[in-house]
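Numbering (my numbering), first residue to last: 40 to 342.
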């Protein structure tokens, strides 16, 4: 969907006053829409937050959430148990309400009290600055880790890198645990990840990376938000098998990141040939690019 269609979709699911505000927003300016029972609907933009005059009750919150899921929220129970659902267009709606627990697991979510829609962005060219550093002289993808603080454009850059490499003819395989890279909906990617890309949606990284490695003969694996030891071990297995991995990691800088146990072993084994660190203040800006020995090879600029 283009911007006008996207805002039209959200406007149709919201009260007229909120919808009117959304329809007047310039392209690419809306980041989030937050709806809370008893609170004003808020729209987070690139210039700050807009508090609308509309304050829904709990029933109205539930009705809006249902409308955004195109009257099929009940059919998205598995996603709800993860705390979010992916909407048409690849936008992610995080949910809060009353949790029905089963031991340490979530069995169901009831009485939705608030939700936050994160607007998915397709930023063509987001990875342009780093692409020359991702491919070696023989045209093979270098294993690369993109790190930065939340909301600074890691996933957007990762997605654009995947798209660009896929368009060059490389076989890219995405393990999309949280449906944020390809934003699969009804079996179709809602965001452009390239014509030569396969997606394993909703699968944990540890299982998914091994799955793709064994089943799909990739030139490179792509995944988001490396976390625990299991993720690191799967990355290590892939790189030792000669398959490159493109991934992201929450972190302020390399010094902070390499101090973590799981990543420390990946660094010591030189699993990544390239590290991209994003700026803390400007979305999408590259602060520095480092080689496998953590030596700075490029600084500054927008990707």
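Cβ atoms here follow ideal geometry from the backbone N, Cα and C, with glycine treated the same way.
When DSSP assignments are scanned along the stretch 42 to 91, the uninterrupted stretches of alpha helix (DSSP H) that are 4 or more residues long and fall wholly within it turn out to be 42 to 52, 55 to 62. Going by DSSP, residue 157 is part of the beta strand (DSSP E) stretching over 144 to 157.
Secondary structure at residue 112: helix, using DSSP grouped into helix, strand and coil. For residue 204, the uninterrupted alpha helix (DSSP H) run begins and ends at 193 to 206, by DSSP. Taking the C-beta atoms as reference points, residue 263 is found no nearer than 8 Å to residue 183. Distance between residue 81 and residue 49, taken at the CA atoms: about 13 Å. Taking a cut-off of 8 Å for Cβ pairs, the stretch 148 to 165 and the stretch 120 to 133 touch, as three or more such pairs fall below it. Residue 93 sits in coil when the DSSP states are folded into three classes, being neither helix nor strand.
Taken through DSSP and simplified to helix, strand or coil, residue 322 comes out as coil. Between the alpha carbons of residue 104 and residue 142 lies a distance of about 27 Å. Relative to the Cα of residue 197, the nearest Cα in the group 171, 209, 166, 225 belongs to 166.
Shown here, residue 265 sits in coil according to DSSP, grouped into three states, outside any helix or strand. Using a C-beta cut-off of 8 Å, the stretch 263 to 277 makes no contact with the stretch 290 to 298, since fewer than three inter-stretch Cβ pairs fall below that distance.
Scanning the stretch 237 to 316 from its first residue to its last, the whole beta strand (DSSP E) runs of 3-plus residues come out as 259 to 262, 283 to 289. Using a C-beta cut-off of 8 Å, the stretch 109 to 128 makes no contact with the stretch 162 to 176, since fewer than three inter-stretch Cβ pairs fall below that distance.
In chain order, 145, 148 place their CB closer than 7 Å to the CB of residue 138, counting only its own chain and leaving out the 5 sequence neighbours on each side. When beta bridges are read from the DSSP output, residue 215 appears opposite 240.
In the assembly as shown, residue 234 is an exposed residue. Its beta-carbon has fewer than 16 other beta-carbons within 10 Å.
Within its own chain, the residues whose Cβ lies closer than 8 Å to the Cβ of residue 239, once the five positions on either side in sequence are excluded, are 212, 213, 214, 215, 247, 250, 251, listed in chain order. Judged by beta-carbon spacing, residue 56 lies beyond the 8 Å limit of residue 90, meaning their Cβ atoms are not closer than that value. Taking residue 208 as reference, the option from 259, 191, 226 with the minimal CA-CA separation is 259.
Under DSSP, no beta-bridge partner is assigned to residue 126.
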